[in-house]
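These notes are about the structure you will find just below.
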Amino acid sequence: MPLSVSLSIEGDTTVIELTGELDAKTAPDFHRTIEKAAGHGTHTVEIRMAGVGYMASAGLRSLVFAQQKVANDVTIKVVGAIEPVSRTIRTAGLDRSIVLSDE
Amino acid sequence: MTTVTDMVERARTSRVLDVPATVAALGSIASFVLRLAGAAGLDKGATYRLRLAVDELATNVVMHGYRGGDGRITVRGRSGPGGVQIVIEDSAPPFDPVEGRLPPAPGVPPQDRRIGGLGIHLALTSVDEFGYAHRDGRNISTLTVKAEGTDRCPPRP
């Protein structure tokens, strides 16, 4: 299943919305969007993942990449991830630096 | 509606899958695994764990095993009421995933972590049983997810 990626700005938040499956094949699309989002310079980057039914470690790599690209004072939020996806993020220990939220 | 032809087709196609070791072939491997999980009646959680484990190990073979060169991956699957067993074979240089796993290191900043090793860690913590052998020049990984397996990484309370 392909991944659809959209990018928008809402106030001081850059919103990336993902729908589909995030794996080794589709992660490069997410990667390119992160690069654009980092250039926006907002204080928050919100990644909406409620529509992501599957995420492999390639998705983790993208989240780490996002952390590297944004300034230190920028908050990265992952919103609405289904349980197995947020479990994968926690297993990697990324929940220490990325805010996981339900809404 | 499932027709007899569908059932025959499924039995014929879901036992062994032999694909080139490419990123493009990972989707075929995922479909193969999902069909077996469906045939075994695995629940959503167990199905997700099985798919993740096979995907991570196969991705590792594609990205690192053959180092971007030509090669093939053979996936064999058996499903029954007790669960699903998948055997992944490749002829890349010997690599034992158990030795290559990399658990997350709490003290290490995310940007310094090797996410590749973490993929294998995810795979090994997702299955109920895992075995590795190197025979006749082939890496052979055997993964089992039980129908009533316990999730070894349960959600935090």
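So the protein lines, in turn, are chains A and B.
Per the numbering used here, the first sequence runs over residues 32 to 134.
Per the numbering used here, the second sequence runs over residues 673 to 829.
No residue lacks a Cβ here, since even glycine has one placed at the ideal position from N, Cα and C.
Keep in mind it's a predicted model, so treat the numbers as computed, not measured.
Chain A contact residues for residue i, given Cβ-Cβ distances below 7 Å
i                 : result
Leu790 of chain B : Ser88, Leu91, Ala123
Glu728 of chain B : Ala87, Ser88
Spatial distance of residue i from residue j (CA atoms)
i                 : j                 : result
Val83 of chain A  : Glu134 of chain A : 15 Å
Leu38 of chain A  : Ala58 of chain A  : 15 Å
Gln757 of chain B : Gly749 of chain B : 6 Å
Arg810 of chain B : Val770 of chain B : 16 Å
Ala683 of chain B : Val759 of chain B : Because Ala683 of chain B sits at a pLDDT of 47, beneath the cut-off of 50, its placement in the model cannot be relied upon, and the following sentence gives the value as read from the coordinates. Taking the straight line from one Cα to the other gives about 17 Å.
Ile745 of chain B : Leu796 of chain B : 19 Å
Pro829 of chain B : Thr719 of chain B : Low per-residue confidence applies at Pro829 of chain B: pLDDT is 46, beneath 50, and the placement is therefore not dependable, though the value from the model is reported in the following sentence. Their backbone Cα atoms lie some 22 Å apart in a straight line.
Glu681 of chain B : Arg707 of chain B : Because Glu681 of chain B sits at a pLDDT of 46, beneath the cut-off of 50, its placement in the model cannot be relied upon, and the point is left open.
Ser703 of chain B : Arg807 of chain B : 27 Å
Val817 of chain B : Ala112 of chain A : 24 Å
Ile812 of chain B : Glu728 of chain B : 15 Å
Lys67 of chain A  : Ala97 of chain A  : 10 Å
Thr122 of chain A : Leu794 of chain B : 7 Å
Phe802 of chain B : Leu815 of chain B : 5 Å
Pro753 of chain B : Lys716 of chain B : 15 Å
Ala81 of chain A  : Ser117 of chain A : 11 Å
Leu830 of chain B : Gly710 of chain B : The structure shown does not extend to residue 830 of chain B, since chain B spans only 673 to 829, so no value can be given for it.
Element boundaries [beta strand (DSSP E), containing residue i]
i                 : result
Tyr804 of chain B : 801-807
Lys818 of chain B : 810-818
Thr11 of chain A  : In the structure as shown, chain A begins at 32 and stops at 134. Residue 11 of chain A is therefore absent and cannot be evaluated.
Tyr85 of chain A  : 75-86
Ser751 of chain B : 744-752
Pro692 of chain B : 688-692
Asp727 of chain B : Here Asp727 of chain B belongs to no beta strand (DSSP E); instead the alpha helix (DSSP H) covers 716-732.
Ile107 of chain A : 106-110
Leu38 of chain A  : 34-41
Ser132 of chain A : 130-132
Val759 of chain B : 755-762
Cβ-based burial, residue i [other Cβ within 10 Å; buried from 16]
i                 : result
Pro33 of chain A  : exposed
Pro115 of chain A : buried
Glu48 of chain A  : buried
Lys56 of chain A  : buried
His74 of chain A  : exposed
Asp43 of chain A  : exposed
Gly70 of chain A  : exposed
Ser798 of chain B : buried
Ser132 of chain A : exposed
Val734 of chain B : buried
Arg63 of chain A  : exposed
Ile40 of chain A  : exposed
Residue i, enclosing alpha helix (DSSP H) - first and last residue
i                 : result
Val770 of chain B : 769-772
Gly70 of chain A  : 58-71
Ser117 of chain A : 114-122
Ser703 of chain B : 698-712
Residues that residue i contacts on chain B, provided the C-beta gap is smaller than 7 Å
i                : result
Thr75 of chain A : Correct list: empty, because the minimum Cβ distance to chain B is about 18 Å.
Lys67 of chain A : Residues of chain B passing the Cβ test: none, with the nearest at roughly 20 Å.
Under 9 Å from the C-beta of residue i: neighbouring residues of chain B
i                : result
Lys56 of chain A : Val695, Ala696, Leu698, Gly699
Partner residues on chain A for residue i, Cβ-Cβ distance less than 8 Å
i                 : result
Thr746 of chain B : Per Cβ cutoff of 8 Å: no residues; Thr746 of chain B is ~19 Å from chain A at best.
Thr797 of chain B : Thr122
Contact set between residue i and chain A, taken where Cβ atoms lie within less than 9 Å
i                 : result
Leu794 of chain B : Ala87, Ser88, Leu91, Thr119, Thr122, Ala123
Of the residues that make up the segment 709-736 of chain B, which ones have a beta carbon closer than 8 Å to any beta carbon in chain A? Gly717, Tyr720, Arg721, Arg723, Leu724, Asp727, Glu728, Thr731, Val734, Met735
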